[in-house]
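Just below is one structure, and these are the notes that go with it.
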Amino acid sequence: MKFWMLLFFVLPLVGITYIGYRTWRLLPFAAAGKFTLLAIMILCMACFFLQFSGLNRLSIPVARVVYEIGNSTLFILLYLVMVYLVLDLLRLVHVVPSSWMVSNGRTALSIFVGMTLLFTYSYFHYMHKTRVPLQIETSKTLERPLKIVMLADLHLGYHNDKTELQRWVGLINAEHPDLVLIAGDIIDNSVKPLLAARMSDEFRHISAPIYACFGNHEYFGGSRQAHEFYKAAGINLLNDSVATKYGINIVGRDDYSSPHRKKLSEILKNADKQLFTIDIDHEPYHLEEAQQNGIDFQFSGHTHYGQVWPLSWIEDAIYEDAFGPLKKGNTQYYVTSGMGIWGAKFRIGTRSEYVVLDLIPHKEI
2 MKFWMLLFFV
12 LPLVGITYIG
22 YRTWRLLPFA
32 AAGKFTLLAI
42 MILCMACFFL
52 QFSGLNRLSI
62 PVARVVYEIG
72 NSTLFILLYL
82 VMVYLVLDLL
92 RLVHVVPSSW
102 MVSNGRTALS
112 IFVGMTLLFT
122 YSYFHYMHKT
132 RVPLQIETSK
142 TLERPLKIVM
152 LADLHLGYHN
162 DKTELQRWVG
172 LINAEHPDLV
182 LIAGDIIDNS
192 VKPLLAARMS
202 DEFRHISAPI
212 YACFGNHEYF
222 GGSRQAHEFY
232 KAAGINLLND
242 SVATKYGINI
252 VGRDDYSSPH
262 RKKLSEILKN
272 ADKQLFTIDI
282 DHEPYHLEEA
292 QQNGIDFQFS
302 GHTHYGQVWP
312 LSWIEDAIYE
322 DAFGPLKKGN
332 TQYYVTSGMG
342 IWGAKFRIGT
352 RSEYVVLDLI
362 PHKEI
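Below you can see the structure in the form of structure tokens.
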């Protein structure tokens, strides 16, 4: 974990150094103008690092600005690195002349316009929430057909605020669900902005019982505070426990990062195995465990499917199922790319979504 955290901090520094050099060479400005632009870039990057050391000490309006600037900068830097790398490679194979990369206003303007259009699109694409319908027929006895809205990775906080939550609650209630299941990361990095905006009140407007498990970000923000928020919001927390509602079992796993996480076999020891069983588990690791323990359906999140391409390719390499449906034996899975998002509100090659599951009895022919 320490190695990955080191990369998380080192790579942005390497990236901004490379971008700074390339931008300095590219811009047809005097040195004063170049210094000004690079200073702005460094300040924006400093906002990214500030959120890990002192965001909660700032007022909420200031913290929100720092969060948005810092995280937006990270994703924009990623794409600037990609653009400059492609241009450098094309220059090395003599497809692009070197003059395109030195004091060239047309190249600079083209990059600026292209990046502006791309990230404007990606913001509005993020704001659109995709409704994903699923239908599962089961031979197990049901009290009645059920409609279950499932979502994960709300990441409520400094960027996904109360106004957005109100819109999401409207989408949920429009489905007239019997149950709402949330597979972790309701909270982003801190409970402070949720408490200040009284976001717990909005969850109580959802017209169905809510069951949720912890994600890794509930631990980032403080598990005790997360417990208290869940309680205030009327959310039934399932942390390595089972609830039975409307004739089905709902299993909620503690997050994979928790040292206290129990084995699924231990959690199910006293559960009625004859009932249809849904497992909500934030991080989609070791999917075979659900199959081995007779879970009928597992719902997970966490991956965001990388949020932007090509990070989705990395997620595909890490996880057996980084996004979408999967079936292993008699167990069905769905890994969602998430309703909200961590960091900047950009989606490129991925989507923000919520899942509407219709659980119905199998019809005998």
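Using this note's numbering, you'd call the opening residue of the sequence shown number 2 and step up by one each time.
Where is the CB? At the ideal position from N, CA and C, for every residue including glycine.
Item: For F324, count neighbouring Cβ atoms within 10 angstroms of its own Cβ and tell me buried if that reaches 16, exposed if not.; Value: buried
Item: For the beta strand (DSSP E) that V243 lies in, which residues bound it at each end?; Value: 242 to 246
Item: Assign D186 to one of three DSSP states: helix, strand, or coil.; Value: coil
Item: Measure the C-alpha to C-alpha separation of D207 and V150 and round it to an integer number of angstroms.; Value: According to the sequence displayed, residue 207 carries Ile and not Asp. Computed Cα separation, rounded: 11 Å.
Item: Using 8 Å as the Cβ pair cut-off and three pairs as the minimum, do the stretch 152 to 160 and the stretch 114 to 124 touch?; Value: no
Item: So what does DSSP say about E365, is it helix, strand or coil?; Value: Any reading at E365 must be qualified, since the residue scores a pLDDT of 48, below 50, and its modelled position is unreliable; the value itself is stated next. Residue state, collapsed to three classes: coil.
Item: Identify whether M151 lies in helix, strand or coil by the three-state DSSP scheme.; Value: strand
Item: Label K346 either buried or exposed according to how many other C-beta atoms from any shown protein chain fall within 10 Å of its C-beta, with 16 as the threshold for buried.; Value: buried
Item: Quick one: Cα of S111 to Cα of L172, how far?; Value: 39 Å
Item: Per DSSP, what are the beta-bridge partners of F300 in this structure?; Value: I281, Y335
Item: What does the alpha-carbon distance come out to for the pair D162 and S201?; Value: 12 Å
Item: Please return the same chain residues whose Cβ sits closer than 8 Å to the Cβ of L196, not counting the five positions on each side in sequence.; Value: F230
Item: Might you give, ordered along the chain, the residues of its own chain that have their beta carbon closer than 7 Å to the beta carbon of Q167, omitting 5 neighbours on each side?; Value: E203
Item: Taking the CB atoms as reference points, tell me whether W169 and M340 lie closer together than 9 Å.; Value: yes
Item: Between A184, P285, G330, which has its C-alpha nearest Y355's C-alpha?; Value: A184
Item: What residue range is occupied by the uninterrupted alpha helix (DSSP H) comprising Q167?; Value: 163 to 175
Item: For R26, does the three-state DSSP call read helix, strand or coil?; Value: helix
Item: For A234, which residues from the same chain have a beta carbon less than 7 Å from its beta carbon, with the 5 sequence-adjacent residues on both sides left out?; Value: S201, F204, R205
Item: Determine the contact status of W343 and D186, defining contact as a CB-CB distance below 9 Å.; Value: yes
Item: What is the DSSP secondary structure of G307, reduced to helix, strand or coil?; Value: helix
Item: In the DSSP output, what is Y212 paired with across the bridge?; Value: L182, N237
Item: Just the Cα atoms here: how many angstroms apart are E321 and L288?; Value: 8 Å
Item: Using 8 Å as the Cβ pair cut-off and three pairs as the minimum, do the stretch 241 to 259 and the stretch 207 to 227 touch?; Value: yes
Item: Nearest to Y247 by CA position, among Q308, T278, L93, is which residue?; Value: T278
Item: Could you compute how far the alpha carbon of V411 sits from the alpha carbon of G223?; Value: Residue numbering for the chain in the displayed model covers 2 to 366; residue 411 lies beyond these limits and cannot be assessed.
Item: What does a CB cutoff of less than 6 Å around G21 pick up in its chain, not counting 5 residues either side in sequence?; Value: L39
Item: Rounded to whole angstroms, what's the CA-CA distance from S99 to L135? Just pull it up for me.; Value: 53 Å
Item: Closer than 8 Å by C-beta to E144: which residues in its own chain qualify, once you throw out the five before and the five after it? Chain order, please.; Value: Y247, G248
Item: DSSP has P326 in a bridge; who is on the other side?; Value: Y335
Item: Excluding sequence positions up to five away, which residues of its chain have a Cβ less than 8 Å from the Cβ of S258?; Value: N217, Y220, E284
Item: Whole-angstrom Cβ separation of N43 and F298, contact assumed at under 8 Å?; Value: Going by the sequence as given, residue 43 is Ile instead of Asn. That belief does not hold up - the Cβ atoms of I43 and F298 are roughly 48 Å apart, past 8 Å.
Item: For L91, collect the residues of the same chain with a Cβ closer than 7 Å to its Cβ; drop the 5 residues on either side in sequence, then sort them by chain order.; Value: V97
Item: Taking I249 as part of the beta strand (DSSP E), name the residues at either end of that continuous run.; Value: 249 to 253
Item: State the CB to CB distance for the pair G330 and Q292, rounded to an integer number of angstroms; the pair is presumed to be in contact (CB under 8 Å).; Value: 5 Å
Item: Rounded to whole angstroms, what is the Cα-Cα separation between V11 and F36?; Value: 23 Å
Item: Just reading off the alpha helix (DSSP H) that P194 is part of, what are its end residues?; Value: 193 to 197
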